[in-house]
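Per numbering that gives the first Met the number 0, the sequence shown starts with residue 0, numbered consecutively.
Don't be surprised by glycine CBs; every beta carbon is placed ideally from N, CA and C.
Quantities reported herein were computed from a predicted structural model and do not represent experimental measurements.
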Amino acid sequence: MDLAELEVELRGLQKKALSDIATTEAVASLDELGSSLLGKRGAITDLLRGIGGLPAEDRPKVGVIANEVRAAIEAALEARRGSVGAAELTARIERERIDTTTPGPAPRLGSLHPIPETIGAIARIMGNFGFTVAEGQEIEDDVTNFQLLNIPEDHPSRDLWDTLYLREPGRLLRTHTSPGQIRTMRATTPPIRVILPGRCFRYEAVDASHGFEFHQVEGLLVDRGATLADLKGILDELARGLFGPQAKTRFRPGYYPFTEPSVAVDVSWGGAKDGWMTILGAGMVHPTVLENGGIDPETHQGFAFGLGVERIAMLRHGISDLRAFLEDDVRFLEALR
Ligand code: PHE
0 MDLAELEVEL RGLQKKALSD IATTEAVASL DELGSSLLGK RGAITDLLRG IGGLPAEDRP
60 KVGVIANEVR AAIEAALEAR RGSVGAAELT ARIERERIDT TTPGPAPRLG SLHPIPETIG
120 AIARIMGNFG FTVAEGQEIE DDVTNFQLLN IPEDHPSRDL WDTLYLREPG RLLRTHTSPG
180 QIRTMRATTP PIRVILPGRC FRYEAVDASH GFEFHQVEGL LVDRGATLAD LKGILDELAR
240 GLFGPQAKTR FRPGYYPFTE PSVAVDVSWG GAKDGWMTIL GAGMVHPTVL ENGGIDPETH
300 QGFAFGLGVE RIAMLRHGIS DLRAFLEDDV RFLEALR
């Protein structure tokens, strides 16, 4: 090969390279193309292998041409890398773009079961009158559930509470929250204003309005000079708080061994299908019970009430069968949201 032929080859290589570079669409492909042209085993090196056969004075001329070709290819690669790289970046940003305005999946909100919801409503209203919330215990003993509440063993009034006894002698599932009165009086000193919500148990046949397991909220106030009128005033406020300003209460004579006098309290809630519904038993704490709680009945008086949570929840939410409270049907809970 002579100088002229070699120059033609080199210029041809340059031309082909520039057109290849112009049509290459990816930075990675440009890199490959670059090393196949300019690399140690690239096309230019390949051509220059023939330089040894040229006359000595022609060799530098070939070197000059080869350098021009190399520089032209490098410049073209560089320019193309710039534009192809920018296009790739734009495409990538487009591909990975996140639309932060797209609404996410809606969280599934839970809701309170109507029993704790109702207990919470009672606690808030009673809280306005200075009552705090405490808890008794579901497994009680005969002494606290009955005897200290003025209900001796074999007393006929025990028939009021169909009791579930435990195998251990003297132990039972509490039939009402009233034993909490004794526990509270023994644990603190007057003035006492407390409510005791919780689950109670009775050996009862289950139907739409009776459960063997149900909830009560006990209320207890002990102070100097507490009267039945105070009880009536607070229960009126409780009824209005739970059912609205039109709600009324009605006291009827009642009987409980641990209160004297005792009353049964009905509420008229003033809504559709209005009527009187008995929601609680109450009365002035019996002097013997005050004494059993370590309180002197000569200086202090108290009133207590025990209300049925299921009945109030049924009225508040229009539920007609209390068995629904114990079934775990999510549709029931969602309907009350
Ligand atoms: N413990 C009674 C019951 O379960 C209700 C009650 C509580 C009555 C407090 C008077 C005072 O029926």
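Are residue i and residue j closer than 8 Å when you measure CB to CB?
i	j	result
residue 302	residue 149	no
residue 194	residue 132	yes
residue 199	residue 176	yes
residue 246	residue 117	no
residue 17	residue 43	no
residue 180	residue 292	yes
residue 174	residue 201	yes
residue 9	residue 50	no
residue 168	residue 143	no
residue 113	residue 324	yes
residue 309	residue 210	yes
residue 333	residue 110	yes
residue 238	residue 266	yes
residue 185	residue 135	no
residue 95	residue 26	no
residue 37	residue 69	yes
Could you name the residues of the same chain whose beta carbon sits closer than 7 Å to that of residue i, not counting the 5 residues immediately before and after it, in chain order?
i	result
residue 240	124
residue 190	221 and 222
residue 296	286, 289 and 290
residue 294	184, 189 and 221
Leaving out the 5 sequence neighbours to the left and right, which residues in its chain are closer than 8 Å to residue i when beta-carbon positions are compared?
i	result
residue 307	213, 214, 215, 278 and 279
residue 259	282, 283, 285 and 286
residue 47	61 and 65
residue 53	0, 1, 2, 5 and 61
residue 305	175, 176, 177, 215, 216, 217, 218, 279, 280 and 281
residue 360	With the chain covering 0 to 336 only, the question about residue 360 has no answer from this structure.
residue 140	169, 170 and 171
residue 165	138, 171 and 172
So what's residue i in DSSP terms, helix, strand or just coil?
i	result
residue 14	helix
residue 93	helix
residue 331	helix
residue 303	strand
residue 318	coil
residue 277	strand
residue 248	strand
residue 259	strand
residue 200	strand
residue 138	strand
residue 57	coil
residue 355	Here the chain comprises residues numbered 0 to 336, so residue 355 is not present and cannot be evaluated.
residue 267	strand
residue 153	coil
residue 292	coil
residue 324	helix
residue 0	coil
residue 74	helix
residue 39	coil
residue 177	coil
residue 297	coil
residue 85	helix
residue 19	helix
residue 127	coil
Which residues does DSSP list as the beta-bridge partners of residue i?
i	result
residue 194	132 and 218
residue 164	171
residue 112	Paired residues: none, contrary to the question.
residue 209	206
residue 313	DSSP, once it has assigned bridges, lists no residue as partnering residue 313.
residue 284	258
residue 253	261
Excluding the five sequence neighbours on either side, which residues of its own chain have a C-beta within less than 6 Å of the C-beta of residue i, listed in chain order?
i	result
residue 251	263
residue 75	17 and 20
residue 300	225
residue 35	41
residue 248	234, 235, 238, 264 and 266
residue 71	13
residue 331	323
Round the Cβ separation of residue i and residue j to the nearest angstrom and send it over; I've been treating them as touching at under 8 Å.
i	j	result
residue 321	residue 207	7 Å
residue 314	residue 268	6 Å
residue 218	residue 130	7 Å
residue 172	residue 138	6 Å
residue 83	residue 31	Actually they are not in contact, since the Cβ atoms of residue 83 and residue 31 sit about 13 Å apart, beyond 8 Å.
residue 335	residue 316	6 Å
residue 79	residue 29	6 Å
Given 7 Å as the limit, tell me if residue i has its C-beta closer than that to any heavy atom belonging to the ligand NAD.
i	result
residue 176	With respect to small molecules bound, the structure shown includes the ligand PHE and not the ligand NAD.
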